[in-house]
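For reference, the structure is listed below as structure tokens.
Protein chains in written order, with the numbering used here: chain A, 1328 to 1439; chain B, 4 to 359.
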């Protein structure tokens, strides 16, 4: 099964949910089920950001998942950058990941 | 998807979609428009005059760190002629404020601004850690908020500044508008969108980031690689504000202009005169000399409750009556040092200057 290696960074306090490590290198499947399914023959699609968010929640996140994920995407108020650009310019969750991509998640915490 | 080019310079790769306008812009244009909009906010509201001494309320968090950076940039670029200071309040929260103050100390070096740190402990004789151990986590935000407000004014008086600027951003103000509506606090609703609050005998306070989106502040800090501290306060945060914030973030996700639209609504409300009139006359606290709408200012009331082991006294009327029933405050009660305005404001200072 082919895989994709991407760099993931957390900032603005989100790193606290991920072992207090800001930077992670992760390897995920290049093709993933098109809809949630455990069936190996289910239709596949290229891995996208929505998949990565779920993968991170299931594999890397250590605590308080509700502070990271809400309604199938990142919680409102979390900024996402794809190769240093706002993910809103890149199709948000539908962005198809490429080998070597750098994805940054930053929480916009209140106050300080 | 091919990289998009900047809607402003039509040259560089766009890196940000502006929540206010939907424009897609590049990094350099983003820095320029963000700073220019703050400059326009400052000049349109005529916040400063040449020679002003201005304290930046600095917590080490994203907003105040970006504010310090932008104030320094604009002061140099447009030659405002301001003398800038960093003013930090140490609430005494171990594992939270002690760490964030380290960030402020680095900012002092990075931005080359004098820094004053004033602690609750030196001013009130109580750290937030000690307060929480007495009152618990439920109402501690009341204490912290009242104490911080007064501590900032006292720090400003020590620095002898004319003006305090804070990092409150558009999201914060929209949240406050919603909260005041939901609480029916119409008098505050009328005031909360003002960029500047000043009575004749108080130190001027303003919010240069009033129209700056949190998203852009965080993006600015990220792309400028600014050094800021981000940990949520370890004591349970203001739950009501938390709900307003979550609601606002959901609205923003559906329609990014929601934040600026709510501020606009807040500004456009016309508050009935009889509601404004319910505000009490401003006087001077008979115990510490700070501005107050009662004989005793809120901080002195809270402090008395803490000292007498009846911390709820300033939070609810019933508890207050119970404390009053136990007799007057003992003579040897700890007091907040007498408040003195900076020299330049003293000329205007007078008791009962009127309604605000």
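All C-beta atoms, glycine included, are put in the ideal place defined by N, C-alpha and C.
Which of helix, strand or coil DSSP assigns to residue 1341/A: Taking the first residue of the first chain as 1, we reach residue 1341/A at position 14. DSSP places residue 1341/A in helix when its eight states are reduced to three.
Alpha carbon of residue 91/B to alpha carbon of residue 1369/A, nearest angstrom: In the second chain, residue 91/B corresponds to position 88, counting from 1. In the first chain, residue 1369/A corresponds to position 42, counting from 1. Whole-angstrom Cα-Cα distance: 57 Å.
The ligand NAP heavy atom lying under 6 Å from the CB of residue 247/B: Ligands in the displayed structure: none, and consequently the ligand NAP is not present.
CA nearest to the CA of residue 151/B, picked from 100/B, 83/B, 18/B and 44/B: Along the second chain, one-based indexing puts residue 151/B at 148. For the residues 100/B, 83/B, 18/B and 44/B, the minimum Cα distance to residue 151/B belongs to 100/B.
Assigned secondary structure, residue 60/B (DSSP; H/G/I helix, E/B strand, else coil): For the purposes of this step, residue 60/B is taken as the residue at position 57 of the second chain. The answer is strand: DSSP assigns residue 60/B an E or B state.
Distance between residue 89/B and residue 120/B (C-alpha atoms, nearest Å): Here residue 120/B refers to the residue found at position 117 of the second chain. Here residue 89/B refers to the residue found at position 86 of the second chain. Approximately 8 Å, taken between the alpha carbons.
From 306/B, 165/B and 254/B, residue whose alpha carbon lies closest to that of residue 55/B: Counting from one through the second chain, the residue named residue 55/B turns up at place 52. Closest option to residue 55/B, Cα to Cα, is 165/B.
Simplified DSSP assignment, three categories, for residue 289/B: If you number the second chain from 1, residue 289/B lands on position 286. Correct three-state label for residue 289/B: coil.
CB contact check: residue 14/B to chain A, cutoff 7 Å: The count along the second chain starts at 1 and reaches residue 14/B at position 11. Cβ-Cβ to chain A under 7 Å: no for residue 14/B.
Closest by C-alpha distance to residue 86/B, when choosing among 97/B, 334/B, 129/B and 74/B: To locate residue 86/B, count along the second chain from 1; it is residue 83. Out of 97/B, 334/B, 129/B and 74/B, 74/B has the C-alpha closest to the C-alpha of residue 86/B.
CB contact check: residue 1424/A to chain B, cutoff 7 Å: Locating residue 1424/A in the first chain gives position 97, where the first residue counts as 1. Chain B, which has no Cβ nearer than 7 Å to the Cβ of residue 1424/A, makes this no.
Candidates 50/B, 128/B and 136/B, of which the one nearest residue 238/B by Cα: If you number the second chain from 1, residue 238/B lands on position 235. Looking at the Cα atoms, 136/B is the closest of the given residues.
Residue-level contact to chain A via CB, residue 233/B, 7 Å cutoff: On the second chain, position 230 is the one that residue 233/B refers to. Chain A contact via Cβ: present.
Any chain B beta carbon closer than 7 Å to residue 1435/A: Position 108 of the first chain, counted from the first residue, corresponds to residue 1435/A. Residue 1435/A counts as touching chain B.
Contact belief for residue 209/B with residue 65/B at Cβ below 8 Å, rounded distance in angstroms: Your numbering for residue 209/B matches position 206 in the second chain. Your numbering for residue 65/B matches position 62 in the second chain. Not confirmed; about 19 Å, so no contact.
Contacts that residue 1340/A makes with chain B (C-beta to C-beta distance below 8 Å): Locating residue 1340/A in the first chain gives position 13, where the first residue counts as 1. Those are 233, 234 and 235, listed as they occur along chain B.
Same chain, Cβ closer than 8 Å to residue 2/B, five either side skipped, listed in chain order: Given a span of 4 to 359 for chain B in the structure shown, any question on residue 2/B remains unanswerable.
Residue environment, residue 346/B, which counts as buried when at least 16 other CB atoms sit within 10 Å: Along the second chain, read from residue 1 onward, the residue named residue 346/B stands at position 343. The residue is exposed, with fewer than 16 neighbouring Cβ atoms inside 10 Å.
Exposure label - residue 81/B; buried when at least 16 CB within 10 Å: Numbered from 1 along the second chain, position 78 holds the residue referred to as residue 81/B. Residue 81/B comes out exposed.
Cβ-based contacts, 8 Å cut-off: residues of the segment 111-145 of chain B near chain A: none
Secondary structure, alpha helix (DSSP H): runs of 4+ residues fully inside the segment 60-99 of chain B: 65-80
Reduced DSSP secondary structure (H/G/I, E/B, other) of residue 1429/A: Here residue 1429/A refers to the residue found at position 102 when the first chain is read from its first residue. Here residue 1429/A sits in strand by DSSP.
is_contact[residue 253/B, chain A] using C-beta, thresh 7 Å: Stepping through the second chain from its first residue, residue 253/B is reached at position 250. Yes, residue 253/B counts as interfacial toward chain A.
For residue 137/B, three-class secondary structure by DSSP: As a first step, residue 137/B must be located in the second chain, where it is residue number 134. It is helical.
Reference residue 1345/A, options 1388/A, 1418/A, 1359/A and 1401/A, closest by Cα: Start at 1 with the first residue of the first chain, and residue 1345/A comes out as number 18. Among 1388/A, 1418/A, 1359/A and 1401/A, the Cα nearest to that of residue 1345/A belongs to 1388/A.
Amino acids of chain A, ordered along the chain, whose beta-carbon sits closer than 7 Å to that of residue 19/B: Looking up residue 19/B in the second chain gives position 16. Result: 1413.
Own chain, CB closer than 6 Å to residue 162/B, minus 5 neighbours either side, in chain order: As a first step, residue 162/B must be located in the second chain, where it is residue number 159. Closer than 6 Å at Cβ, skipping near neighbours: 58, 88 and 119.
CB contact below 7 Å: residue 1427/A versus chain B: For the purposes of this step, residue 1427/A is taken as residue 100 along the first chain, with counting starting at 1. It does not; no Cβ of chain B falls within 7 Å.
Proximal residues to residue 1378/A (C-beta, below 6 Å), its chain only, five neighbours per side dropped: The residue you call residue 1378/A lines up with position 51 of the first chain. Result list for residue 1378/A: 1359, in chain order.
Status (buried if at least 16 other CB within 10 Å, exposed otherwise) for residue 1354/A: One-based indexing of the first chain puts residue 1354/A at position 27. So residue 1354/A counts as exposed.
Residue 266/B and residue 196/B closer than 7 Å at C-beta: By 1-based counting over the second chain, the position of residue 266/B is 263. By 1-based counting over the second chain, the position of residue 196/B is 193. Yes.
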